[in-house]
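Taking my numbering, the leading residue of the sequence shown gets 247, the next gets one more, and so forth.
Each residue gets a CB set at the ideal place from its N, CA and C atoms; glycine is no exception.
Written below as structure tokens is the structure these notes are about.
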Amino acid sequence: MKIRVVEMKEDRATILLEDATPALANALRRSIMSEVPVMAVDEVIFFINTTDFIDEYIAHRLAMIPLRTDPKLYKISGDVFVTLKLDKTAEEDITVYSGDLESSDPLVIPVSSRIPIVTMRKGQRLKLEAIARLGRGKQHAKWQPVSGLRYSYLPIYEFDSSVVKLSDCEKCELEKLEGSWYRLNDPTKCPICASQLEKMVNRGEPGVRVRWDDKRIIIGFESNGQLPPFRIITMAAEELVKKFEEFESKFTSAIEAMKKSS
């Protein structure tokens, strides 16, 4: 199997797996979504709430705010938590944002300071303490580190150059077919042309067709901001390895036990 990084940015990543099976790609997908631990608000203690919103509503909003996760927290055993405090009195009609939360750990903060939590009218007060803990996506969606996670076979587009004008693109690696037809073997190298061909296929326009390369699988996602994409992929792969090692160990022990009892 070969892996090629198509895109690796601060907030998103795309990788291409060659000679891989859908089963492997799906295992990686599930591990990314379910097994990478990140921080999220898990408990909220309300001291004063005279806003128009009930405690449960505000607690839910707080839980879904992505929090940057300090890698050092993974080295701590037991219950790992950080507290975020909020004490706001409205002197006029205001909106309380994620940036108003005060964290006990300067490295564990909301990924954006402009996520709205609640609106307050003049004279209202909100005082609370939120407890954020390490968790995994398999426990609750608030601990999922990614969104928009997708994978599929790599599309291979073929087009008639008399209808579709892509043959002059310098980025496209085109293969000449019969007549005026060309094949775009690797759409990841020219996303703009690939996007144009995809739209034409979806609209059912003439002069373009698509097939799927079952030997190459493309995986892409957007990070919610808790961890950088490269770390998410690395940790997801490490979790898979741990599961296989655990299975191998327990299976070997089961075989030995069976031999002794026979």
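Beta-ladder partner(s) of residue i, from DSSP
i: L262; result: R250 and I464
i: V287; result: A378
i: I402; result: R457
i: K331; result: E348 and E375
i: N295; result: L372
i: L274; result: DSSP, once it has assigned bridges, lists no residue as partnering L274.
i: E421; result: R429
i: R449; result: R449 is not bridged to any residue.
Residue i beta carbon near the ligand FMN (any heavy atom closer than 7 Å)
i: A309; result: Inclusion of the ligand FMN in the displayed structure is not the case, the ligand content being empty and no account of it being possible.
Residue closest to residue i, alpha-carbon to alpha-carbon, out of the options
i: P283; options: F490, S344, A387 and K506; result: A387
i: T365; options: P475, Y343, T329 and M446; result: Y343
i: S408; options: R379, E494 and G453; result: G453
i: Y403; options: Q390, E421 and W389; result: E421
i: L263; options: T480, N470, E492 and K461; result: K461
i: S277; options: E494, K334, L486 and E491; result: L486
i: R367; options: V447, I340, S359 and S358; result: I340
i: I479; options: K248, M247 and T260; result: T260
i: R457; options: R429, I438, E468 and I465; result: R429
i: S469; options: R258, L330, L319 and D432; result: R258
i: I363; options: K384, K506, T297 and A378; result: T297
i: K318; options: V354, Q385 and E492; result: V354
i: A271; options: I249, I291 and F292; result: I249
i: A378; options: D459, R360 and S349; result: S349
i: S359; options: L313, K373 and Y320; result: L313
i: A266; options: I465, K373 and A305; result: I465
i: K547; options: N295, M446 and K321; result: For the chain, the structure presents residues 247 to 508; residue 547 sits outside this window and is missing.
Beta-carbon separation (whole angstroms), residue i vs residue j, contact threshold 8 Å
i: E281; j: A482; result: 6 Å
i: G345; j: P356; result: 7 Å
i: T315; j: M285; result: 5 Å
i: I311; j: V328; result: Rounded, the Cβ-Cβ distance is 13 Å, inconsistent with contact.
i: P352; j: Q472; result: About 15 Å separates the two Cβ atoms, so there is no contact after all.
i: F405; j: W427; result: 7 Å
i: T335; j: R371; result: 5 Å
i: E444; j: N431; result: So it is not a contact: roughly 15 Å between Cβ atoms.
Distance, residue j Cα to residue i Cα
i: L332; j: E256; result: 29 Å
i: E424; j: R455; result: 14 Å
i: I463; j: L400; result: 5 Å
i: D325; j: E375; result: 17 Å
i: G381; j: S508; result: 43 Å
i: E289; j: K488; result: 30 Å
i: F476; j: E451; result: 38 Å
i: A503; j: E492; result: 16 Å
i: L347; j: E338; result: 19 Å
i: I361; j: V410; result: 44 Å
i: P268; j: K384; result: 21 Å
i: Q442; j: F292; result: 52 Å
i: R275; j: M247; result: 17 Å
i: E494; j: K505; result: 17 Å
i: R446; j: K321; result: Here the sequence assigns Met to residue 446, which means Arg is not the residue at that position. Rounded to the nearest angstrom, the two C-alpha atoms are 50 Å apart.
i: K435; j: A309; result: 39 Å
i: E484; j: D459; result: 27 Å
i: C439; j: P474; result: 28 Å
i: N448; j: P433; result: 16 Å
i: A273; j: F467; result: 15 Å
i: F490; j: V251; result: 24 Å
i: A305; j: P437; result: 41 Å
Q: Spell out a yes or no on whether the region 484-500 and the region 293-309 are touching, meaning 3 or more CB-CB pairs, one atom from each, closer than 8 Å.
A: no
Q. Okay, do the region 393-402 and the region 410-424 touch, 3+ Cβ pairs below 8 Å being the bar?
A. no
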